[in-house]
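Position 118 of the sequence shown, counting from 1, maps to 138 under this note's numbering, and the rest follow consecutively.
Glycine residues also receive a C-beta, built at the ideal position from the N, C-alpha and C atoms.
Have a look at the structure below, then the notes.
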Amino acid sequence: MLRRLSFCMMLLAGAVHAAPIEDALRHYDGGQFEAAAQQLAPLAEGGNPVAQERLAIMYFYGRGVPEDEDKALQWARRSADQGNLDAMYFIGNMYVFGDKLPKSVQDPDQEAARWYFEAARKGHAEAEYGLGLLFLAGKGVVQDQEEAMRWIRSAADHGHPGARSFLGGSKGSGH
Numbered sequence: 021m022l023r024r025l026s027f028c029m030m031l032l033a034g035a036v037h038a039a040p041i042e043d044a045l046r047h048y049d050g051g052q053f054e055a056a057a058q059q060l061a062p063l064a065e066g067g068n069p070v071a072q073e074r075l076a077i078m079y080f081y082g083r084g085v086p087e088d089e090d091k092a093l094q095w096a097r098r099s100a101d102q103g104n105l106d107a108m109y110f111i112g113n114m115y116v117f118g119d120k121l122p123k124s125v126q127d128p129d130q131e132a133a134r135w136y137f138e139a140a141r142k143g144h145a146e147a148e149y150g151l152g153l154l155f156l157a158g159k160g161v162v163q164d165q166e167e168a169m170r171w172i173r174s175a176a177d178h179g180h181p182g183a184r185s186f187l188g189g190s191k192g193s194g195h
């Protein structure tokens with residue numbers, strides 16, 4: 021009986037501990053960005069990689085917080101340093117789509133390719149597709165259609181709709 025009670029207490033403690041990130045993500049997904057930012061900030065400071073990545077996105081686009089690409093990069097890097105593939109992919113996107121950040125490096129496409137590759141090599145479908153497109157265009161990497169198709173097929177295999185559409189609706193089998 022005592023074991024069951026302590027097991028239930030551990031589950032309850034875990035559920036209570038998990039609730040703040042879930043609540044913050046509900047606000048984020050519901051477009052309540054100011055409320056989300058208030059809840060995400062302490063979680064991000066505490067080292068939560070999901071909170072860090074979402075806060076990075078919010079700073080990049082100025083959702084619920086002032087637009088600030090430097091802060092966006094800082095939060096995304098902290099998350100990526102913990103292995104968050106979405107954060108790695110987002111850093112790549114910041115180098116492609118940012119205003120200030122691309123000007124901070126000699127070759128923003130190469131920097132984007134580096135971050136896409138970090139996430140893509142671990143199976144992140146959006147990063148695989150983005151990397152494939154960079155290889156196709158020869159941006160940040162040597163133009164290589166075979167390598168491009170390898171990454172795009174991999175993205176399609178991982179369910180990426182853009183990659184599947186690019187391949188003509190196939191599931192990425194490559195044949």
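Alpha-carbon to alpha-carbon, residue j and residue i
| i | j | result |
| --- | --- | --- |
| ALA39 | LEU151 | 35 Å |
| GLY182 | VAL162 | 22 Å |
| CYS28 | ASP43 | At CYS28, the pLDDT of 46 sits below 50, so the modelled position is not reliable; the number obtained from the coordinates is stated separately. Roughly 22 Å separates the two Cα atoms. |
| VAL125 | GLU89 | 14 Å |
| LYS159 | VAL85 | 32 Å |
| ALA145 | SER174 | 7 Å |
| GLY82 | GLN58 | 14 Å |
Bounding residues of the alpha helix (DSSP H) (the contiguous stretch that carries residue i)
| i | result |
| --- | --- |
| VAL70 | 69-81 |
| ASN113 | 105-117 |
| SER174 | 165-177 |
| SER242 | The requested residue 242 is not part of the displayed model; the chain covers only 21 to 195. |
| PRO122 | PRO122 -> no alpha helix (DSSP H), and no H or E assigned at all. |
| GLY158 | Unbroken run through GLY158: none, as it is neither H nor E. |
Three-way DSSP call (helix, strand, coil) for residue i in this model
| i | result |
| --- | --- |
| HIS47 | helix |
| LEU187 | coil |
| GLN52 | coil |
| GLY143 | coil |
| GLY66 | coil |
| GLY84 | coil |
Residue i beta carbon near the ligand ZN (any heavy atom closer than 8 Å)
| i | result |
| --- | --- |
| ALA139 | The model depicted lacks the ligand ZN and carries no ligand whatsoever. |
Cβ distance (whole Å) where residue i is taken to contact residue j below 8 Å
| i | j | result |
| --- | --- | --- |
| TYR115 | PRO128 | 4 Å |
| ALA107 | GLU148 | Not really, about 16 Å apart at Cβ, beyond 8 Å. |
| LEU93 | ILE77 | No, LEU93 and ILE77 are not in contact; Cβ-Cβ is about 12 Å, not under 8 Å. |
| HIS178 | GLY143 | 6 Å |
C-beta contact flag for residue i and residue j at 9 Å
| i | j | result |
| --- | --- | --- |
| PHE61 | TYR48 | Looking at the sequence shown, residue 61 is not Phe but Ala. No, these two residues do not count as a Cβ contact at 9 Å. |
| ALA133 | LEU156 | no |
| GLU138 | ALA100 | yes |
| LEU75 | TRP95 | yes |
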